[in-house]
Ligand SMILES: Cc1ncc(COP(=O)(O)O)c(C=O)c1O
């Protein structure tokens, strides 16, 4: 198995008993390799200044770091122009920009906004706000019990009333890859604009947004080895041109008069205020790290881990994996419940063995309600995890019910 873990200082830390953390909450955020940490500290040690604002060397260096990160991102996701790449704080901010700026100016009463029922709240609540303000209606693409959206559902829900379709490329609850090509094709047939939430896809699978023909695409750096506080909004240039800015103030203007202003061209029009250059340096280094390994190799590593994890977890008595047990068409995000054990108790017991998993509704309350579960535990892998980590998880899970006072025999009702 791989030894990428040696590149991640946090994962090498040992506690007073000599134990390392088994980190399996990668869908929430990922750990950072030395190269990313070094890129961030090198920026602050040697090039820190306000970008786009000074004629002096340091400011020029900061500008160059920011702009070369923009180019790196463009190449990584296959966008056509640097003007399409807007730096944001995270996916949530990017989705709010689209809903507030594009949604509020394009939606009319009676229009439909189509979301998947599995959306993360960040791609759901901003649309509720915009739809309510404009009198538009939200309709949902419902999934089967494994979290899959069917072609029939796409055809039934995306119609000529649809103006915006906003869906995750990959679900953060089930790890299921949505049929994004079919959704985009259907939406474009009716002239609707498609917003793809790439938060869980960009870190794990090769993405080419030009080939996909996505109108908007967003992701967060922190879920793909970069620091927190840097994210991306990518949009087709004609759409970004047509939209009003979201944040007004410094850096996003061209001329300011006492009573009126004109705005900077793309992408600065959407980048009001001082940008996170250190975060951009980290994101650039994260993309370099991923590119050296190669996304196809990362996909292979994760597929092997996912197959192994599904097999191991599905063989644990009283444990039920939510969603499909098929390792195809998904990434290594695996939600599960256990008879007689609350997800928070499971996560707490695993924590005693230094295993980090997520418990709760994973910012997808409507989806949990739809699936008929109030909360789940979720284990999610990244390239630095190993089969050994999954063995440790499985061993620890086998002990959960004993900790909660149950016997080992199964009661069959
Ligand atoms: C699918 C999906 N969309 C959006 C988000 C929001 O990301 P952030 O909190 O980085 O803005 C997440 C985070 O878990 C996610 O998994």
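Residue numbers (this note's numbering): 2 to 414.
Glycine included, C-beta positions come from ideal geometry on N, C-alpha and C.
The segment 154-168 makes contact with the segment 109-129: 3 or more CB pairs, one atom from each, lie closer than 8 angstroms. In the DSSP annotation of this structure, the continuous segment of the beta strand (DSSP E) that includes residue 89 starts and ends at 86-89. Between the C-alpha atoms of residue 220 and residue 133 there is a straight-line separation of about 25 angstroms. Counting of Cβ neighbours within 10 angstroms places residue 124 among the buried residues, the total reaching 16 or more. At a Cβ-Cβ threshold of 7 angstroms, residue 232 and residue 92 count as neighbours. Checking the DSSP bridge columns, you'll see residue 236 partnered with 217. Here DSSP, grouped into helix, strand and coil, assigns residue 304 to helix. For residue 393, the uninterrupted alpha helix (DSSP H) run begins and ends at 388-404, by DSSP. Environment of ligand 1, chain-ordered: 91, 92, 93, 121, 123, 169, 173, 198, 200, 201 and 221, taking every residue with Cβ within less than 5 angstroms of a heavy atom. For residue 187, same chain residues with a beta-carbon under 6 angstroms away, outside a window of 5 residues either side, are 155 and 159 in chain order. Annotation: the continuous beta strand (DSSP E) that includes residue 336 extends over 334-339.
Two segments are said to touch when three or more pairs of C-beta atoms, one from each, lie closer than 8 angstroms; by this definition the segment 359-373 does not touch the segment 389-408. In this structure, 234 is the residue among 174, 69, 360 and 234 with its C-alpha nearest to the C-alpha of residue 271.
Counting only residues of its own chain and dropping the five nearest sequence neighbours on each side, residue 281 has a CB closer than 7 angstroms to the CB of 66, 67, 70, 88 and 231. One Cα belongs to residue 202, the other to residue 377, and the distance between them is close to 21 angstroms. The three-state secondary structure of residue 222, taken from DSSP, is helix. Taking a contact to require three or more Cβ pairs closer than 8 angstroms, the segment 179-194 and the segment 208-222 qualify as touching.
Nearest to residue 146 by alpha-carbon distance, out of 157, 138, 118 and 130, is 118.
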